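Enquirer:
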Amino acid sequence: MAQNQTIMKNLLTIVALLLTIQLSAQSENSVPKFSLSFNPLGFVQFGPIVNAEVGLKSNLVLNVHARFPTMGVLTYAVQEDDDGLDELSGSAFGAGLIYFIGENKSKPYVGFLVDFQSLTSTYAVGEQWEWTEESDATIFIFNGGYRFNFSDGIYLNTGVFFGAASSKWEWEYENPGYGTSDTDPRSGTDMTPFGMFEVSIGIAL
Numbered sequence: 001m002a003q004n005q006t007i008m009k010n011l012l013t014i015v016a017l018l019l020t021i022q023l024s025a026q027s028e029n030s031v032p033k034f035s036l037s038f039n040p041l042g043f044v045q046f047g048p049i050v051n052a053e054v055g056l057k058s059n060l061v062l063n064v065h066a067r068f069p070t071m072g073v074l075t076y077a078v079q080e081d082d083d084g085l086d087e088l089s090g091s092a093f094g095a096g097l098i099y100f101i102g103e104n105k106s107k108p109y110v111g112f113l114v115d116f117q118s119l120t121s122t123y124a125v126g127e128q129w130e131w132t133e134e135s136d137a138t139i140f141i142f143n144g145g146y147r148f149n150f151s152d153g154i155y156l157n158t159g160v161f162f163g164a165a166s167s168k169w170e171w172e173y174e175n176p177g178y179g180t181s182d183t184d185p186r187s188g189t190d191m192t193p194f195g196m197f198e199v200s201i202g203i204a205l
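In terms of my numbering, the sequence shown opens at residue 1 and continues consecutively.
Written out as structure tokens, the structure reads:
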């Protein structure tokens, strides 16, 4: 998790530098120099997403985002276990490039993003066999869709995210004396598919 925090700080530094450069630029881009958007559809998927975008060229933007996985219905469904998921905490953030195709006011887009997620899940709270799992995932995501641009800088993105998540996990019983004869692996790695639908509402600033 400390490594993820360092990565996030570096990403924010890069965004700040790029934003400073863009605000001082004299030429106008067909994409906004800076915009913010929100994907509420994430509440019924793997968490709502807040995006910040910095225009790099006429049709290219740098996307930096924060996702809130513990606020997504599907996150709980995936983390559920026979012992019952009692507590879930964590966060996700990432960045990538998005390219807008064509010169029309509204246009299709394609992008590639990397998302870093950390979760802590606690099961069977209050029982002798209470246990906690820590998991860290790197998610490689392709993003495609269509942006509808309206007046006053308002826009709507409709699209999909699809890719794969590479995760590392480790779990332990909260009671050190319990489960000494348990032969189940206490750590491991997984590669799983990832997908979400996007309906994001944004504004150019």
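Every residue, glycine too, gets a C-beta built ideally from N, C-alpha and C.
Since the structure is predicted, the reported quantities are computational estimates derived from the model, not experimental observations.
1) If I follow the unbroken beta strand (DSSP E) through V31, where does it start and stop?
2) Can you grab the Cα-Cα spacing for the pair G84 / E130, in whole Å?
3) Check each candidate in P69, F142 and E87 and name the one with the smallest Cα separation from A95.
4) Just verifying my parser: in three-state terms, what is the DSSP assignment at D81?
5) Would T138 pass as a contact of S166 if the rule is Cβ separation under 8 Å?
6) May I ask you to verify whether the region 70–79 touches the region 38–48, counting CB pairs closer than 8 Å and requiring at least 3?
7) Output the distance between the C-alpha atoms of K105 and N149, rounded to the nearest integer angstrom.
8) Bridge partners of A92, per DSSP?
9) Applying the criterion that 16 or more other CB atoms from any shown protein chain within 10 Å of the CB defines a buried residue, is A52 buried or exposed?
10) Indicate the three-state DSSP secondary structure (helix, strand or coil) for Q26 in the structure shown.
11) Please say whether G153 and I201 have beta carbons closer to each other than 8 Å?
12) Do you know how far the Cα of Y76 is from the Cα of E170?
13) Could you tell me if S58 is buried or exposed, where buried requires 16 or more neighbouring beta carbons within 10 angstroms of its beta carbon?
14) Give me the residue from Y155, F100 and T120 with the minimum Cα distance to G111.
15) Since F116 contacts F93 with CB under 8 Å, what's their CB separation in whole angstroms?
16) How many angstroms separate the CA atom of T192 from the CA atom of K168?
17) Taking 8 Å as the threshold (beta carbon to beta carbon), is I141 in contact with chain D?
18) Considering Cα atoms alone, identify which of G177, P108, E174 and I98 is closest to Y146.
Expert: Short version:
1) Taking the sequence shown and counting its residues from 1, the one referred to as residue 31 is at position 31. From DSSP, V31 is part of no beta strand (DSSP E); its letter is neither H nor E.
2) Stepping through the sequence shown from its first residue, residue 84 is reached at position 84. Stepping through the sequence shown from its first residue, residue 130 is reached at position 130. The alpha-carbon atoms of G84 and E130 are separated by roughly 10 Å.
3) One-based indexing of the sequence shown puts residue 95 at position 95. Each of P69, F142 and E87 was checked against the Cα of A95, and the nearest Cα belongs to F142.
4) Numbered from 1 along the sequence shown, position 81 holds the residue referred to as residue 81. Three-state DSSP puts D81 in coil, outside helix and strand.
5) Locating residue 138 in the sequence shown gives position 138, where the first residue counts as 1. Locating residue 166 in the sequence shown gives position 166, where the first residue counts as 1. Judged by their CB atoms, T138 and S166 are nearer to each other than the 8 Å cut-off.
6) Verdict: yes, contact present.
7) Here residue 105 refers to the residue found at position 105 of the sequence shown. Here residue 149 refers to the residue found at position 149 of the sequence shown. Between K105 and N149, the C-alpha separation is close to 6 Å.
8) To locate residue 92, count along the sequence shown from 1; it is residue 92. In DSSP, A92 forms a bridge with R67 and Q117.
9) Position 52 of the sequence shown holds residue 52. Result: buried.
10) Translated into the one-based positions of the sequence shown, residue 26 becomes position 26. At Q26 the pLDDT is 35, less than 50, meaning the model places this residue with poor confidence; the figure from the coordinates comes in the next sentence. DSSP places Q26 in coil when its eight states are reduced to three.
11) As a position in the sequence shown, residue 201 is number 201, starting the count at 1. As a position in the sequence shown, residue 153 is number 153, starting the count at 1. No, Cβ-Cβ distance for I201 and G153 is not below 8 Å.
12) For the purposes of this step, residue 170 is taken as residue 170 along the sequence shown, with counting starting at 1. For the purposes of this step, residue 76 is taken as residue 76 along the sequence shown, with counting starting at 1. Distance between the alpha carbons of E170 and Y76 is about 18 Å.
13) Numbered from 1 along the sequence shown, position 58 holds the residue referred to as residue 58. Exposed is the call here.
14) Within the sequence shown, residue 111 is the residue found at index 111, counting from 1. Checking every option, the nearest Cα to that of G111 belongs to F100.
15) For the purposes of this step, residue 116 is identified with residue 116 of the sequence shown, where counting begins at 1. For the purposes of this step, residue 93 is identified with residue 93 of the sequence shown, where counting begins at 1. Cβ atoms of F116 and F93 come within 8 Å of each other, at about 6 Å.
16) On the sequence shown, residue 192 is found 192 positions in, with the first residue counted as 1. On the sequence shown, residue 168 is found 168 positions in, with the first residue counted as 1. If you take the alpha carbons of T192 and K168, they lie about 11 Å apart.
17) The structure shown has no chain D; it contains just one protein chain.
18) Along the sequence shown, one-based indexing puts residue 146 at 146. Y146 has its Cα closest to that of P108, out of G177, P108, E174 and I98.
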